[in-house]
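Student: Would you mind keeping the following structure in view while I ask a few things?
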Amino acid sequence: PVAKRAVAQHDKVPHPVGFVSPPLLCPGKVRHFKI
Amino acid sequence: VPAPPLAPLGCDDPESEAAAEVAVSYINSHSHHGYKFALNRIENIRVLPQGPNNDIIFLELDLLETKCHVLSPTPLENCTVRSFAEHAVEGDCDIKLQKLDGKITVLASKCHSHADSNEDVAQLCPDCPLLASLNNTEVTTAVTAALGDHNSKTADAYLKLLEIGRAQIQYHPAHVVYVEFAVAATNCSAEEAKVHVEACQLLPDDQSNFGFCTATVVKRPSEDLQVNCQLYGHQVPTPDTPFFFRVFQSTSTS
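Protein chains in written order, with my numbering: chain A, 922 to 956; chain B, 1086 to 1339.
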């Protein structure tokens, strides 16, 4: 028999304290201005 | 054993910037019309390893129009990017490059350019003149008047129009037409052209002088015309680049 197990649902996994988001690789910096 | 995947390249990494510099230089040197473009932002980069020291690089670039015509000998780094108030023009480019033993070359490129919207410009700068169509009657009339005025006053070669680069029309507080256009010298002096203008021919490529003119034509409240033409000078052709896009050897101003 296959048993269905309940899995805890989280909207978002919380980051540990002190976590710093990695920098986005792209796009790069705007050198002049964006139109 | 397959090679481990490479760490993704960031758009602001020195390697990405080196590839973008090669790409922008290629785009400007192969452009046939209008102005040189400068790098504004690296939008995306993807690297496909082909073998040892051999990568294919796909670049997406956002460029901005400068004030230097493609015929101008001014190095791109000295070319000013058009300001927002001058009605900026953006270029979107996809470029395929190869990096082989550290040397980057362009394999293919595709670019589209578009001007900022009139609404955007008007919103932030209500009185700024907006870009006009190059075949607008007011524009072509202004270019004809400006070139005629220059030719009537110069003692140098009679200049003919190559192309109109850009034009802006302002209606308030005065009615003003701003035009920029590329020119080429003919085998006639301006004085000779007054007698036999139909005989004046563009000089052969290896002797030709190219230049660039800016003009302001005020139509209201009172009529006025100011024109300034700069000749870039004599070019020495080389076999591997189109003549129009070679670096000129000297400059002179009239």
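Idealized CB from N, CA, C, for every residue including glycine.
Source: prediction; values computed, not measured.
Below 8 Å on C-beta distance, what does G1095/B contact in chain A?
Tutor: Position 10 of the second sequence, counted from the first residue, corresponds to residue 1095/B. By Cβ distance, chain A contributes P944, L946, C947, G949.
Student: Does Q1292/B get closer than 8 Å to chain A when you measure Cβ to Cβ?
Tutor: Position 207 of the second sequence, counted from the first residue, corresponds to residue 1292/B. Because Q1292/B carries a pLDDT of 46, less than 50, the predicted location of this residue cannot be relied on, and the following value inherits that uncertainty. False, the Cβ-Cβ gap to chain A never drops below 8 Å.
Student: Please state the DSSP three-state secondary structure of F1295/B.
Tutor: What you label residue 1295/B is simply residue 210 of the second sequence in a count that begins at 1. Three-state result, F1295/B: strand.
Student: Flag this pair as touching only if the region 1172-1188 of chain B and the region 1108-1122 of chain B have three or more C-beta atom pairs under 8 Å; answer yes or no.
Tutor: Flag = yes, the region 1172-1188 of chain B and the region 1108-1122 of chain B touch.
Student: Considering only C-alpha positions, which residue in the set K1152/B, T1226/B, E1283/B, D1241/B is nearest to V1262/B?
Tutor: The residue labelled residue 1262/B in the question sits at position 177 within the second sequence. Considering only alpha carbons, the answer is T1226/B.
Student: Please classify G949/A as buried or exposed, where buried requires at least 16 neighbouring CB atoms within 10 angstroms.
Tutor: On the first sequence, residue 949/A is found 28 positions in, with the first residue counted as 1. By the neighbour-count rule (16 or more Cβ atoms within 10 Å), G949/A is buried.
Student: Of all the CB atoms in chain B, is at least one closer than 8 Å to the CB of R952/A?
Tutor: If you number the first sequence from 1, residue 952/A lands on position 31. So yes, R952/A belongs to the interface.
Student: Quick test of your reading: A1123/B and L1156/B, contact by CB under 8 Å. State the CB separation rounded to the nearest angstrom.
Tutor: Within the second sequence, numbered from 1, the residue matching residue 1123/B stands at position 38. Within the second sequence, numbered from 1, the residue matching residue 1156/B stands at position 71. Wrong, their Cβ atoms sit about 17 Å apart, outside the cutoff.
Student: Measuring only between beta-carbons, confirm whether F1143/B sits less than 8 Å from chain A.
Tutor: The count along the second sequence starts at 1 and reaches residue 1143/B at position 58. Output row for F1143/B: interface = no.
Student: What residues in its chain sit with their C-beta under 7 Å from that of N1125/B, if we drop five residues either side in the sequence?
Tutor: Here the question's residue 1125/B lines up with position 40 in the second sequence. For N1125/B, where only same-chain residues beyond five positions count, the Cβ hits under 7 Å are D1147, L1148, L1149.
Student: I want to verify the contact list: residues of chain A whose CB lies under 8 Å from the CB of E1171/B, in sequence order.
Tutor: By 1-based counting over the second sequence, the position of residue 1171/B is 86. Neighbours of E1171/B on chain A: none; closest Cβ ~12 Å, over 8 Å.
Student: Can you tell me whether Q1292/B is buried or exposed, with buried defined as 16 or more other CB within 10 angstroms of its CB?
Tutor: In the second sequence, the residue the question calls residue 1292/B occupies position 207. Low confidence applies here, because Q1292/B scores a pLDDT of 46, under 50, leaving its location unreliable and the question unanswered by this model.
Student: Return the Cβ separation of S1168/B and I1127/B in integer angstroms, given the expectation that the two are a contact with Cβ distance under 8 Å.
Tutor: On the second sequence, position 83 is the one that residue 1168/B refers to. On the second sequence, position 42 is the one that residue 1127/B refers to. Not really, about 22 Å apart at Cβ, beyond 8 Å.
Student: In angstroms with no decimal places, state the Cα-to-Cα distance between D1098/B and N1313/B.
Tutor: On the second sequence, position 13 is the one that residue 1098/B refers to. On the second sequence, position 228 is the one that residue 1313/B refers to. Going by the C-alpha atoms only, they are around 42 Å apart.
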